[in-house]
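Numbering (my numbering), first residue to last: 12 to 353.
Right, dumping it as structure tokens:
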């Protein structure tokens, strides 16, 4: 049990109880001793009905509008797990009521609207945090440490690959097939956010090509190739696909980082959510030629108290209790949605 669990739980209203929202509640929020949900909001009576059926929550805690839920339950915060159209209305309702807000990505449909709500949260003095949950894993945290410490010298280039094989039609993915830019906006934003976290820089320029094969079930392109130039001139190549027949990668992708003195490769967020995080180092041969071939080795990665969305939730609770600023405030996350929309 965490040290935080000895304190009074943070009370929250959760907004958005579709399949993803119900999963958020059942696997991350309900098990947390640091959070108590006092209200559930969804426009769909069917979604709320499924929530009650699956979890046994009381009908008196279910609402069709967030303003009423806030007024009647007076929570400390909102957790917004709705789809993108519901993000800003719910967040603004929370901010206007001086409530802290944890929201899913991408948190706004445009950079301009992202800046507007960021300003509103700042004026209200409330936390507006984005759940960039891929940050809360051992491998990317260690990769960031290697970059910042320069223990292998200067970083020259990063190559990132993400592959999933959704070539066969699935009725369960019907909603996903109709998303606008399903790869870039729904998936690659995680990888773009990791690029910024690991390098400590924002993207300056991006060149992208997307495509949608004739046999694809997606309405918009599910595959892309990018060349990203960061503020300091670092180049990052990115290849991503929802419909690759190749071997699937972990959700955070496969990363190869070329330093002056070594290549560092890593992968993160496997299907079992983190136990298979891996980081390997392949040093360059010594200058005197005593090592004809580099010897690759794996690093033992430290464990984390909370990973994935549980990590986001724990960070949100900690910052509410201490007054600290989350690493993924909406203001800090504008660079990630900016790269996504670019």
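Think of the CB as a built atom: it goes at the ideal place given N, C-alpha and C, for glycine as much as any other residue. In this text, all values refer to a predicted model and were calculated from it rather than measured experimentally.
Within the region 202-226, ranges of the beta strand (DSSP E) (whole runs, at least 3 residues): 214-222
Among 159, 332 and 145, nearest to residue 203 - alpha-carbon criterion: Position 192 of the chain shown, counting from 1, holds the residue named residue 203. Closest option to residue 203, Cα to Cα, is 145.
CB of residue 190 within 8 Å of CB of residue 232, strictly: Along the chain shown, read from residue 1 onward, the residue named residue 190 stands at position 179. Along the chain shown, read from residue 1 onward, the residue named residue 232 stands at position 221. No, they are not a contact pair.
Run of the alpha helix (DSSP H) containing residue 93, from where it starts to where it stops: Position 82 of the chain shown, counted from the start, is the residue given in the question as residue 93. Where residue 93 is concerned, there is no enclosing alpha helix (DSSP H), given that its DSSP letter is neither H nor E.
Three-state class that DSSP yields for residue 15 in the structure shown: To locate residue 15, count along the chain shown from 1; it is residue 4. Reliability fails at residue 15, whose pLDDT of 45 lies under 50, so the model's placement of it is uncertain and no value is given.
Residue 180, DSSP secondary structure in three states: Your numbering for residue 180 matches position 169 in the chain shown. Note: residue 180 maps to coil in three-state DSSP.
Per-residue DSSP class, three states only, for residue 233: Taking the first residue of the chain shown as position 1, residue 233 is located at position 222. Of the three classes helix, strand and coil, the one that applies to residue 233 here is coil, per DSSP.
6 Å CB neighbourhood of residue 345 in its chain, flanking five on each side removed: Numbered from its first residue, the chain shown carries residue 345 at position 334. So the list reads 125, once near-sequence residues are dropped.
Contact between the region 172-190 and the region 322-341 (3+ Cβ pairs under 8 Å): no
CA-to-CA distance, residue 75 to residue 255, given in whole angstroms: Start at 1 with the first residue of the chain shown, and residue 255 comes out as number 244. Start at 1 with the first residue of the chain shown, and residue 75 comes out as number 64. Using only the alpha carbons, I get a separation of about 40 Å.
Straight-line gap, residue 241 to residue 267 (C-alpha atoms, nearest Å): Counted from its first residue, the chain shown places residue 241 at position 230. Counted from its first residue, the chain shown places residue 267 at position 256. For residue 241 and residue 267, the distance between alpha carbons rounds to 16 Å.
Stretch-stretch touch, CB-based, cutoff 8 Å, three pairs: the region 17-34 with the region 44-54: yes
Distance between residue 39 and residue 315 (C-alpha atoms, nearest Å): The residue given as residue 315 occupies position 304 in the chain shown. The residue given as residue 39 occupies position 28 in the chain shown. Cα to Cα, the separation comes out at about 15 Å.
8 Å Cβ shell around residue 66 - same chain, five flanking residues per side excluded: Taking the first residue of the chain shown as 1, we reach residue 66 at position 55. Closer than 8 Å at Cβ, skipping near neighbours: 33, 36, 37 and 41.
Touching by the beta-carbon criterion (3+ pairs, under 8 Å), the region 141-161 and the region 222-237: no
Alpha carbon of residue 98 to alpha carbon of residue 307, nearest angstrom: Stepping through the chain shown from its first residue, residue 98 is reached at position 87. Stepping through the chain shown from its first residue, residue 307 is reached at position 296. Their backbone Cα atoms lie some 45 Å apart in a straight line.
Own chain residues within Cβ distance below 6 Å of residue 247, not counting five before or after: As a position in the chain shown, residue 247 is number 236, starting the count at 1. These residues qualify, in order along the chain: 169, 206 and 239.
For residue 197, the nearest candidate out of 263, 180 and 179 (CA to CA): Indexing the chain shown from 1 puts residue 197 at position 186. Considering only alpha carbons, the answer is 263.
Residue 318 versus 199, 71, 249 and 287, residue with shortest Cα-Cα distance: By 1-based counting over the chain shown, the position of residue 318 is 307. Comparing Cα-Cα distances from residue 318 to each of 199, 71, 249 and 287, the minimum goes to 287.
Whole-number beta carbon distance between residue 110 and residue 86, since they are thought to touch under 8 Å: If you number the chain shown from 1, residue 86 lands on position 75. If you number the chain shown from 1, residue 110 lands on position 99. At roughly 6 Å, the Cβ-Cβ gap stays under 8 Å, so residue 86 and residue 110 are in contact.
For residue 103 and residue 337, the rounded distance between their alpha carbons: As a working note, residue 337 is residue 326 in the chain shown. As a working note, residue 103 is residue 92 in the chain shown. Distance between the alpha carbons of residue 337 and residue 103: 19 Å.
Terminal residues of the alpha helix (DSSP H) in which residue 248 lies: Counted from its first residue, the chain shown places residue 248 at position 237. Not the alpha helix (DSSP H): residue 248 falls in the beta strand (DSSP E), residues 246-252.
According to DSSP, residues forming a beta bridge with residue 44: In the chain shown, counting from the first residue as 1, residue 44 sits at position 33. DSSP output for residue 44 lists no bridge partner at all.
The ligand HEM heavy atom lying under 7 Å from the CB of residue 348: Among the components of this structure there are no ligands whatsoever, and the ligand HEM is therefore not found.
4-residue-minimum alpha helix (DSSP H) runs that sit fully inside the region 56-113, ordered along the chain: 56-66, 77-84 and 98-107
Residue from 129, 83 and 292 with nearest C-alpha to residue 341: For the purposes of this step, residue 341 is taken as residue 330 along the chain shown, with counting starting at 1. Nearest C-alpha to residue 341: 129.
For residue 191, three-class secondary structure by DSSP: Your numbering for residue 191 matches position 180 in the chain shown. Three-state DSSP puts residue 191 in coil, outside helix and strand.
Residue 84 beta carbon less than 8 Å from that of residue 24: For the purposes of this step, residue 24 is taken as the residue at position 13 of the chain shown. For the purposes of this step, residue 84 is taken as the residue at position 73 of the chain shown. Yes. Within cutoff.
Bridge partners - residue 25, DSSP secondary structure assignment: Locating residue 25 in the chain shown gives position 14, where the first residue counts as 1. Paired residues: 51 and 90.
Residue 291 to residue 136 span [Cα, whole Å]: For the purposes of this step, residue 291 is identified with residue 280 of the chain shown, where counting begins at 1. For the purposes of this step, residue 136 is identified with residue 125 of the chain shown, where counting begins at 1. For residue 291 and residue 136, the distance between alpha carbons rounds to 43 Å.
Residue closest to residue 60, alpha-carbon to alpha-carbon, out of 28, 81, 117 and 43: Your numbering for residue 60 matches position 49 in the chain shown. Comparing Cα-Cα distances from residue 60 to each of 28, 81, 117 and 43, the minimum goes to 28.
Neighbourhood of residue 258 by C-beta, 8 Å cutoff - its chain only, sequence neighbours within 5 removed: Counted from its first residue, the chain shown places residue 258 at position 247. So the list reads 174, once near-sequence residues are dropped.
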